[in-house]
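Peer 1: If you scroll down you'll find the structure; I have some questions about it.
In my numbering, the protein residues as written are 3 to 690.
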């Protein structure tokens with residue numbers, strides 16, 4: 003899948019789409035003319051009915067020998083069919099990339115052979131035949147045949163086919179790294195996996211269904227918009243129907259094909275033709291960022307979210323405490339403290355231990371220390387003693403919690419240096435963690451460990467705040483530490499010492515106040531909150547319970563993706579709103595552009611409104627029909643790419659839409675229709 007992603011991204015960067023996708027989209031656009039498919043788009047269904055009726059009139063006139071307005075009717079029919087085709091083409095192009103992905107995923111599913119463990123040994127069967135509860139053996143180079151849990155062994159797994167990330171991950175039995183996904187590949191060692199899903203329910207199956215758009219449900223806002231478009235269509239239908247008696251009364255001849263063409267020009271065909279493409283493209287943008295939305299509803303809900311619950315670790319902070327400062331005790335040089343701290347950390351493979359070694363190296367050039375020559379004997383960390391250290395000859399160096407080091411010193415007849423407890427409390431008030439360092443019976447000082455807030459995260463929270471979105475940090479830290487980190491990161495609120503029950507309660511409280519809530523999670527204990535949230539983003543590396551509870555799965559397992567989810571949802575809503583504004587403004591402009599030209603002969607007073615001075619009534623209607631078709635194809639790239647997202651409030655977005663797409667939608671038809679009218683005159687078609 004990643005190769006297809008890259009291929010599409012490269013084409014998109016150059017402003018084009020893969021030729022294979024385009025060819026298939028052209029074929030699919032004709033297939034989608036089937037009324038059984040098109041009825042889901044009522045506006046375009048009206049256009050197709052109009053095209054069919056005019057085509058019927060053309061055939062009737064040909065057999066009866068009636069040639070009046072035949073050429074005009076043929077051209078109107080051709081352009082109405084083109085209008086419908088452009089609309090179905092927009093939807094087909096939006097679906098094209100998904101179908102290419104689905105074909106690749108389906109081949110992976112079909113071609114994978116599973117080594118099922120049975121009582122007699124190993125039975126090789128096609129992956130789609132595996133059932134829940136089956137146990138399979140996966141060895142080096144094998145593709146994991148289905149979703150499951152590792153029950154024995156440990157292996158390095160290449161998940162790039164699913165996540166697009168080239169770095170392999172470790173999967174092993176027990177713990178929170180035991181889930182595997184069908185379609186990924188084992189790079190080393192072996193594992194035994196118990197299948198946790200039935201055929202047709204795997205992660206790959208869900209991806210195939212999603213990217214093909216087969217189960218893309220219309221969202222509530224989309225349904226509301228469709229109802230509005232149907233209402234506008236009915237209004238314009240009544241308006242056009244009343245023109246027939248009006249024309250008879252005024253002595254003006256207006257044929258049924260012309261009235262049908264006028265109807266098509268006035269109903270909201272622009273947004274009607276692009277609506278499906280906008281929705282599919284929103285899901286597609288999720289997939290391009292390695293996120294799997296279980297439905298279009300999840301994407302749209304993300305656009306309406308106004309409260310974000312974010313885990314501190316890995317989302318707001320880098321995820322590991324880092325050593326940032328050495329604080330020596332009175333009478334102790336900083337170099338001596340750094341030397342002892344580094345020696346005690348050389349065998350410490352935790353991120354904190356490595357950061358202490360690096361800090362001493364960077365600040366005091368302590369590097370290339372030969373542990374063997376030193377004769378160092380390391381003392382591993384113990385939950386009982388809450389400290390670790392190293393013995394080098396007569397030197398016994400220990401580092402650990404302040405209380406633990408104080409007890410250690412007391413056992414050796416020493417005491418904690420005066421003032422260090424206050425320094426340790428000051429570090430805690432700032433949101434950090436103090437580690438004390440001692441050598442024999444002497445206190446050397448403190449190491450300041452700090453949760454490092456990610457660069458740029460405060461600015462992103464500022465952007466969200468301007469959009470009216472409240473950010474809430476969730477952490478298991480004590481309230482003092484949580485408050486310090488929340489202030490540094492710039493979040494609006496925080497929940498300290500968070501439990502699953504506390505998260506669930508907080509989400510319900512916000513929802514009862516009318517807010518839409520989004521959150522991330524990866525553990526079984528997060529599942530209730532993920533299910534309760536309006537948008538629950540589960541990590542792919544998390545438990546099966548979490549992935550089933552969420553309505554979006556992040557294949558990269560990056561908690562910060564929640565911010566991107568909201569931005570994608572906002573962009574989809576902004577795009578739909580912008581093009582709806584443009585379409586409705588377009589229709590109003592076309593009405594005032596066409597009607598005066600049609601009736602100016604019977605009512606010369608209308609010449610004051612005929613500001614474009616279109617050549618003839620027939621030219622006016624034909625120019626409008628042609629413009630109506632071309633504007634859809636012109637806006638397809640915008641529908642697929644989306645209107646550029648800007649982190650501003652709703653009122654600013656509305657003003658911008660009204661200015662750019664509202665005014666633009668009014669001006670464009672006057673310019674476009676006039677230019678087409680001039681071209682028809684040059685081609686000698688204006689007087690047909």
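Glycine included, C-beta positions come from ideal geometry on N, C-alpha and C.
Keep in mind the model is a prediction, meaning the values are calculated, not measured.
From residue 2 to residue 469, what distance separates their C-alpha atoms?
Peer 2: A query on residue 2 cannot be resolved here, the shown segment of the chain reaching from 3 to 690 and no further.
Peer 1: Excluding the 5 residues flanking residue 373 on each side, which residues of the same chain have their C-beta closer than 8 angstroms to its C-beta?
Peer 2: As a working mapping, residue 373 is identified with position 371 in the chain shown. So the qualifying residues of the chain are 348, 349.
Peer 1: Within 10 angstroms of the Cβ of residue 275, are there 16 or more other Cβ atoms? Answer buried if so, exposed if not.
Peer 2: For the purposes of this step, residue 275 is identified with residue 273 of the chain shown, where counting begins at 1. With 16 or more Cβ atoms within 10 Å of its Cβ, residue 275 is classed as buried.
Peer 1: So, do the region 586 to 595 and the region 318 to 336 have three or more beta carbon pairs nearer to each other than 8 angstroms?
Peer 2: With a cut-off of 8 angstroms, the region 318 to 336 and the region 586 to 595 do not count as touching, because too few Cβ pairs lie within range.
Peer 1: Which first and last residues belong to the alpha helix (DSSP H) in which residue 534 is found?
Peer 2: Taking the first residue of the chain shown as position 1, residue 534 is located at position 532. It spans 529 to 534 - the alpha helix (DSSP H) in which residue 534 sits, taken as one unbroken run.
Peer 1: Do you know whose CA, among 625, 538, 579, lies nearest residue 567's CA?
Peer 2: The count along the chain shown starts at 1 and reaches residue 567 at position 565. Answer by Cα proximity: 538.
Peer 1: Report yes or no: do the region 274 to 291 and the region 569 to 578 share at least 3 C-beta pairs separated by less than 8 angstroms?
Peer 2: At 8 angstroms Cβ cutoff, the stretches touch.
Peer 1: Can you find a C-beta in chain D that's less than 8 angstroms from the C-beta of residue 133?
Peer 2: Among the protein chains of the structure shown there is no chain D, as only one such chain exists.
Peer 1: Across the region 552 to 562 and the region 311 to 320, are there enough close Cβ pairs to call them in contact, namely three or more that are closer than 8 angstroms?
Peer 2: Output reads yes: the region 311 to 320 touches the region 552 to 562.
Peer 1: Considering only DSSP beta bridges, list what residue 521 is partnered with.
Peer 2: Mapped onto the chain shown, residue 521 falls at position 519. For residue 521, which the question treats as bridged, DSSP gives the partners 311, 538.
Peer 1: When we look at the beta-carbon of residue 345 and count the other beta-carbons within 10 Å, is it buried (16 or more) or exposed?
Peer 2: As a first step, residue 345 must be located in the chain shown, where it is residue number 343. Classification of residue 345: buried, given that the 10 Å Cβ count is 16 or more.
Peer 1: For residue 682 and residue 621, what's the separation of their Cα atoms in angstroms?
Peer 2: In the chain shown, residue 682 corresponds to position 680, counting from 1. In the chain shown, residue 621 corresponds to position 619, counting from 1. The straight-line gap from Cα to Cα measures roughly 7 angstroms.
Peer 1: Helix, strand or coil for residue 37? Go by DSSP, reduced to three states.
Peer 2: Start at 1 with the first residue of the chain shown, and residue 37 comes out as number 35. Here residue 37 sits in helix by DSSP.
Peer 1: For residue 445, count neighbouring C-beta atoms within 10 Å of its own C-beta (all shown protein chains included) and say buried if the count is 16 or more, exposed if not.
Peer 2: Here residue 445 refers to the residue found at position 443 of the chain shown. With 16 or more other Cβ atoms within 10 Å, it is buried.
Peer 1: Name the DSSP bridge partner or partners of residue 473?
Peer 2: Stepping through the chain shown from its first residue, residue 473 is reached at position 471. Answer is 310, bridged to residue 473.
Peer 1: In chain order, what residues of the same chain lie with their CB nearer than 7 angstroms to the CB of residue 504, ignoring the 5 residues before and after it?
Peer 2: What you label residue 504 is simply residue 502 of the chain shown in a count that begins at 1. Only 497 meet the Cβ criterion.
Peer 1: Do residue 149 and residue 86 come within 8 angstroms of each other at the CB atom, strictly closer than that value?
Peer 2: The count along the chain shown starts at 1 and reaches residue 86 at position 84. The count along the chain shown starts at 1 and reaches residue 149 at position 147. No; because the gap between Cβ atoms is not below 8 angstroms, this pair is not in contact.
Peer 1: If you run the structure through DSSP and keep just helix, strand and coil, what is residue 377?
Peer 2: Here residue 377 corresponds to residue number 375 of the chain shown, with the count starting at 1. Correct three-state label for residue 377: coil.
Peer 1: Under the three-state reduction of DSSP, which class applies to residue 56: helix, strand or coil?
Peer 2: Locating residue 56 in the chain shown gives position 54, counting from the first residue. Looking at residue 56 - three-state DSSP - the assignment turns out to be helix.
Peer 1: Out of 514, 439, 295, which has the shortest C-alpha to C-alpha gap to residue 309?
Peer 2: Taking the first residue of the chain shown as position 1, residue 309 is located at position 307. When each option's Cα is compared against that of residue 309, the closest is 514.
Peer 1: Does DSSP put residue 612 in a helix, a strand or coil?
Peer 2: Indexing the chain shown from 1 puts residue 612 at position 610. Residue state, collapsed to three classes: coil.
Peer 1: Quick test of your reading: residue 292 and residue 565, contact by CB under 8 angstroms. State the CB separation rounded to the nearest angstrom.
Peer 2: Position 290 of the chain shown holds residue 292. Position 563 of the chain shown holds residue 565. 15 angstroms between Cβ atoms; not a contact.
Peer 1: For the structure I just gave you, are there three or more beta carbon pairs, one from the region 256 to 276 and one from the region 46 to 65, closer than 8 angstroms?
Peer 2: Output reads yes: the region 46 to 65 touches the region 256 to 276.
Peer 1: So, at 6 angstroms on beta carbons, what are the nonlocal neighbours of residue 201 in its own chain, with the 5 sequence-adjacent residues on each side left out?
Peer 2: For the purposes of this step, residue 201 is identified with residue 199 of the chain shown, where counting begins at 1. 130, listed in sequence order.
Peer 1: Just curious, the alpha helix (DSSP H) that residue 682 is in, first and last residue?
Peer 2: What you label residue 682 is simply residue 680 of the chain shown in a count that begins at 1. Residue 682 -> alpha helix (DSSP H) spans 665 to 684.
Peer 1: Identify the continuous beta strand (DSSP E) that holds residue 389 and give its terminal residues.
Peer 2: For the purposes of this step, residue 389 is taken as the residue at position 387 of the chain shown. 389 to 394 is the span of the beta strand (DSSP E), which, as asked, contains residue 389.
Peer 1: Based on Cα-Cα distance, which residue from 54, 23, 21, 28 lies nearest to residue 37?
Peer 2: The residue given as residue 37 occupies position 35 in the chain shown. With distances taken between Cα atoms, residue 37 lies closest to 54.
Peer 1: Just the C-alpha distance for residue 33 and residue 93, rounded to the nearest angstrom, thanks.
Peer 2: Start at 1 with the first residue of the chain shown, and residue 33 comes out as number 31. Start at 1 with the first residue of the chain shown, and residue 93 comes out as number 91. If I take the Cα positions, the gap works out to 12 angstroms.
Peer 1: Between the C-alpha atoms of residue 402 and residue 471, what's the straight-line distance to the nearest angstrom?
Peer 2: The count along the chain shown starts at 1 and reaches residue 402 at position 400. The count along the chain shown starts at 1 and reaches residue 471 at position 469. Computed Cα separation, rounded: 40 angstroms.
Peer 1: Where residue 52 and residue 82 are concerned, what is the direct C-alpha to C-alpha distance, given to the nearest angstrom?
Peer 2: For the purposes of this step, residue 52 is taken as residue 50 along the chain shown, with counting starting at 1. For the purposes of this step, residue 82 is taken as residue 80 along the chain shown, with counting starting at 1. The straight-line gap from Cα to Cα measures roughly 8 angstroms.
Peer 1: Whose C-beta lies closer than 6 angstroms to the C-beta of residue 628 among residues of the same chain, with five residues either side of it excluded?
Peer 2: Position 626 of the chain shown, counting from 1, holds the residue named residue 628. Correct list, in chain order: 81, 678.
Peer 1: Look at residue 197 and residue 132 and say whether their C-beta atoms are less than 8 angstroms apart.
Peer 2: Position 195 of the chain shown holds residue 197. Position 130 of the chain shown holds residue 132. Closer than 8 angstroms, so yes.
Peer 1: Measuring only the C-alpha atoms, how far is residue 26 from residue 295?
Peer 2: Taking the chain shown and counting its residues from 1, one reaches residue 26 at position 24. Taking the chain shown and counting its residues from 1, one reaches residue 295 at position 293. Roughly 25 angstroms between the two C-alpha positions.
Peer 1: For residue 328, which residues does DSSP report across the bridge?
Peer 2: As a first step, residue 328 must be located in the chain shown, where it is residue number 326. Paired residues: 449.
Peer 1: Measure the C-alpha to C-alpha separation of residue 598 and residue 75 and round it to an integer number of angstroms.
Peer 2: Working through the chain shown from its first residue, we reach residue 598 at position 596. Working through the chain shown from its first residue, we reach residue 75 at position 73. The alpha-carbon atoms of residue 598 and residue 75 are separated by roughly 21 angstroms.
Peer 1: Restricting to Cα atoms, I'd like to know which of 499, 475, 500 is closest to residue 488.
Peer 2: Taking the chain shown and counting its residues from 1, the one referred to as residue 488 is at position 486. The shortest Cα separation from residue 488 among 499, 475, 500 belongs to 475.
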